[in-house]
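Reviewing the structure listed below.
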Amino acid sequence: MSLRAVVRGTGHYLPDRIVTNAEFEATLDTNDEWIRSRSGIERRHFVAEGETTSAMATAAARAALEDAGLDVADVDAIVLATSTADLTFPSAATMVQAELGMTKGFAFDVQAVCAGFIYALSNANAMILSGQAQRVLVIGSESFSRIMDWTDRSTCVLFGDGAGALVLEAQNGTGSPEDRGILATDLNSDGRHKDLLYVDGGVSTGTTGYLRMQGNQVFRHAVEKLAATANTAMARAGVSPGDVDWIVPHQANIRIIQGTAKKLGLPMEKVVVTVQDHGNTSAASIPLALSVGQARGQIKPGDLIVTEAIGGGLAWGAVVLRW
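Each number in the numbering used here corresponds to the 1-based position in the sequence shown with 165 added.
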């Protein structure tokens, strides 16, 4: 017998407002073709005035609980990955806990920017394997439209808002790669690369600040590091690229997604792609893609999935799981 953290349900939420590439043409020296050719992005969702990261996370959590056939009383913990929490503190996760009416257990945020959901999944998996929790809501939620410099065409056209969630549940497996659930994780960071992707605000400046990125440098690191972490996680899980049914990558840029798939020797037919509809939703992008992939009928029970992400820090990692 071997304990596994198994995905019991999934759900997502997207704000009502859809922003097409054409909307940027009035204020920036850019156009649909330029944005699409460089990023693969066609549209993205932006939060409404007064709509918060925690509110989106709560909606995604409710959808995941419904998909799992569970009530909030069945949940022991909430782990919320975000870089755009409503307030400096308390955590957005405790706000979700209150909104859901969850009065037991514990909730906390994880901050690893675009790699946040991988870090959150790894933490939730460890808590389940250690016996600290039986069921964990793992959420990614972001309001990146609130930290955009609308005069910087190299960044503001790339990001969007949204939330995705999974319910992880402790289940017994055999200890083999055929088990359902999380089979292996791999986490990495290198703080020497801080200046490649950061927000120039915080308590030290007394401002919220704006996202700043050296896109070419991030791209250079991304493909190599994403392929390496995916291969490390697969080796730990005892599986090979040929066993993989789906790669569900962080949805940042179609060229990074294509480059990583090529380096792993896998065709794009095995990649769940949502970047064209959502843009880069940071920590929300992987749970969003998992939920949409399941809703589309792509991801099915028993499928072997590799999911990987890289973000500011730099922080990167991968999770191998069987759906």
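Each residue gets a CB set at the ideal place from its N, CA and C atoms; glycine is no exception.
Cα-Cα separation between glycine 366 and threonine 218, rounded to whole angstroms: When the Cα atoms are used, glycine 366 and threonine 218 turn out to be separated by approximately 18 Å.
So who's on the other strand from glutamine 459, going by DSSP bridges? Looking at the DSSP assignment, glutamine 459 forms no beta bridge with any residue, so it has no partner.
Return the chain-ordered list of same chain residues with a C-beta closer than 7 Å to the C-beta of leucine 453, the five sequence neighbours on each side being excluded. His177, Gly327, Gly329, Thr439, His443, Thr446
Determine the contact status of leucine 348 and leucine 193, defining contact as a CB-CB distance below 8 Å. no
So, valine 275 versus threonine 223, is the Cβ gap smaller than 8 Å? no
Which partner residues does arginine 487 have in the DSSP bridge list? Gly346, Leu469
Considering only the alpha carbon of each residue, which of Arg169, Asp360, Ala480, Leu455 lies closest to asparagine 290? Arg169
Straight-line CA distance for isoleucine 451 to alanine 191? 31 Å
Tell me whether aspartate 236 is buried or exposed, calling it buried when 16 or more other Cβ atoms sit within 10 Å of its Cβ. exposed
If you measure between the beta carbons of tyrosine 284 and glycine 477, is that distance less than 8 Å? no
Exposure of leucine 252, with buried meaning 16 or more beta-carbon neighbours within 10 Å: Classification of leucine 252: exposed, given that the 10 Å Cβ count is below 16.
Given this structure, state the Cα-to-Cα distance separating arginine 208 from threonine 175, to the nearest angstrom. 23 Å
Report the rounded CA-to-CA distance for isoleucine 412 versus valine 388, giving the unit in angstroms. Computed Cα separation, rounded: 14 Å.
Alpha carbon to alpha carbon, how far is threonine 472 from leucine 488? Give it in angstroms, no decimals. Position check: residue 488 holds tryptophan in this sequence, whereas leucine was assumed. Approximately 12 Å between the Cα atoms of the pair.
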